[in-house]
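Protein chains: 2
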Amino acid sequence: MNKQDTLPKLKDFFDRNIPLPEPALIRLFEAMELVKLPSKHSITQPGEICTIEAYILKGIARTYFINEQGDEVTVHFAKEDWWIGDVASFTLQRPSLLHIETLEETYMLTISYERKEQLYAEYPIFERIFRLMIQRTHAFLMNRLVSVLSESADKRYQYFLDRYPDVPQRVPQHYIASYLGISPEFLSKIRSKKAKLRS
Amino acid sequence: MNKQDTLPKLKDFFDRNIPLPEPALIRLFEAMELVKLPSKHSITQPGEICTIEAYILKGIARTYFINEQGDEVTVHFAKEDWWIGDVASFTLQRPSLLHIETLEETYMLTISYERKEQLYAEYPIFERIFRLMIQRTHAFLMNRLVSVLSESADKRYQYFLDRYPDVPQRVPQHYIASYLGISPEFLSKIRSKKAKLRS
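Below you can see the structure in the form of structure tokens.
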């Protein structure tokens, strides 16, 4: 993958979500680095400061933490056309609570804290752009919190399928169970119930 | 309470958290309204767009939702020197998932969506100020998500006491249980265990 060829994808993301004037888009793109990571590569870990935010071009990554019982809890999956990074750790430069790791070979455009701060300093329009982006991220997290504490596992699985239709084919089932907050056995019961309803 | 007398409190909040040049502080303050609400007053409800963000001068409010089982889940309590509002609903002007209500007579400085947009348009420094504020809010919510899915109820209660030392004296115990994600009976067991340890 050649960096220059990835610009249309980034442009398309912003066109659909937060329109960005062409010169600002170019400045952002120039501040970003094309990175290729193998599968199961750790992007950040608890106790470390998350050093990048990244736009995923190809591949998939997940954010998770390990709870007091020693179980993994998946916060979210990010795939093509999504951003990844621990926003809290990255923006406040505080140690992360989270693991972020790739689940496939992943190509992404990354930006470092220093480059992002430079963008803010040189081009104030990025204050607005990234304010709008974090508003979206925050709304997403609030939905996630309400969903995990509120809805039945069946409903959460359906919501998951709507949002991530291709993910069940791409990642191990126990990661999906850990996203839904249920055991892998319970997930397989839900799946067979759904399969029966369809047949 | 006289509006002009409340400026030092707002100034003090920003001095401690996100330093704001004096003229910007004054512009923000002028865009805000001093509001007094009785206890148990609804600020927003699911399905409505949250119309304000507010800095609490005196009193306490809580954000909650009702889950599929019909139980209340308290997302957080906001008291003196905290901000309240459904950031996702307010900033994106989308229907809220949440209830927000006062639990005591509450004085607050509120800002409407229109006034805030006007601040952004007239004084670009607010893009930065509110970007920094939402970063804090987002980090707080991520901590909350990790804590509720990760830590034991004892630990969550201790964390709650550290963060909200005076709240147990100010709000009904079942709201605190619904914040911790446990039954009121289980909360009272934790409390008596703690009391025994102290005696």
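Protein chains in written order, with numbering that gives the first Met the number 0: chain Y, 0 to 198; chain S, 0 to 198.
Here a beta-carbon is modelled for each residue, glycine too, at the ideal position from N, C-alpha and C.
Nothing here was measured: the structure is a model prediction, and the numbers come from that model.
Buried versus exposed call for residue i [16 or more other C-beta atoms within 10 Å across all chains shown]
i                     : result
residue 134 (chain S) : buried
residue 58 (chain S)  : buried
residue 175 (chain Y) : buried
residue 52 (chain S)  : buried
residue 2 (chain Y)   : exposed
residue 19 (chain Y)  : buried
residue 196 (chain S) : exposed
residue 67 (chain Y)  : exposed
residue 187 (chain Y) : exposed
residue 0 (chain Y)   : exposed
residue 15 (chain Y)  : exposed
residue 194 (chain Y) : exposed
residue 21 (chain Y)  : exposed
residue 191 (chain S) : exposed
residue 198 (chain Y) : exposed
Any C-beta of chain Y under 8 Å from that of residue i
i                     : result
residue 69 (chain S)  : no
residue 75 (chain S)  : no
residue 150 (chain S) : yes
residue 84 (chain S)  : no
residue 133 (chain S) : yes
residue 136 (chain S) : yes
residue 58 (chain S)  : no
residue 279 (chain S) : The structure shown has nothing for residue 279 (chain S), since chain S only spans 0 to 198.
residue 107 (chain S) : no
8 Å Cβ cutoff, residue i in contact with chain S
i                     : result
residue 126 (chain Y) : yes
residue 91 (chain Y)  : yes
residue 24 (chain Y)  : no
residue 110 (chain Y) : no
residue 123 (chain Y) : yes
residue 40 (chain Y)  : no
residue 30 (chain Y)  : no
residue 50 (chain Y)  : no
residue 144 (chain Y) : yes
residue 176 (chain Y) : no
residue 87 (chain Y)  : yes
residue 130 (chain Y) : yes
residue 64 (chain Y)  : yes
residue 96 (chain Y)  : yes
residue 140 (chain Y) : yes
residue 147 (chain Y) : yes
residue 72 (chain Y)  : yes
Heavy atom of the ligand NAD within 7 Å of residue i beta-carbon
i                     : result
residue 174 (chain S) : Because no ligand of any kind appears in the structure shown, any question about the ligand NAD cannot be addressed here.
9 Å Cβ cut-off: residues of chain C touching residue i
i                    : result
residue 46 (chain S) : Here the protein chains are Y and S, and chain C is not one of them.
Supposed close pair residue i, residue j - CB separation, criterion 8 Å
i                     : j                     : result
residue 130 (chain S) : residue 114 (chain Y) : Rounded, the Cβ-Cβ distance is 16 Å, inconsistent with contact.
residue 62 (chain S)  : residue 97 (chain S)  : 5 Å
residue 99 (chain Y)  : residue 85 (chain Y)  : 7 Å
residue 110 (chain Y) : residue 81 (chain Y)  : Residue 110 (chain Y) to residue 81 (chain Y), Cβ: 15 Å. No contact.
residue 143 (chain S) : residue 179 (chain Y) : Residue 143 (chain S) to residue 179 (chain Y), Cβ: 19 Å. No contact.
residue 128 (chain Y) : residue 17 (chain Y)  : 6 Å
Beta carbon of residue i nearer than 8 Å to that of residue j
i                     : j                     : result
residue 183 (chain S) : residue 173 (chain S) : yes
residue 140 (chain S) : residue 141 (chain Y) : yes
residue 138 (chain S) : residue 87 (chain Y)  : yes
residue 101 (chain Y) : residue 60 (chain Y)  : yes
residue 79 (chain Y)  : residue 126 (chain S) : no
For this session: Could you tell me whether the stretch 89-107 of chain S touches the stretch 132-146 of chain Y, using the rule of 3 or more Cβ pairs below 8 Å?
Result: yes
Exercise. Using 8 Å as the threshold, is the stretch 96-114 of chain S in touch with the stretch 33-43 of chain S, meaning 3 or more CB pairs across them?
Worked result: yes
Exercise. Three or more C-beta pairs closer than 8 Å, one from the stretch 47-55 of chain S and one from the stretch 149-160 of chain S: is that the case here?
Worked result: no
Problem set entry | the stretch 106-124 of chain S in contact with the stretch 11-26 of chain S per 3-pair CB rule at 8 Å | yes
Problem set entry | Cβ contact (3+ pairs, closer than 8 Å) linking the stretch 61-80 of chain Y and the stretch 155-165 of chain S | no
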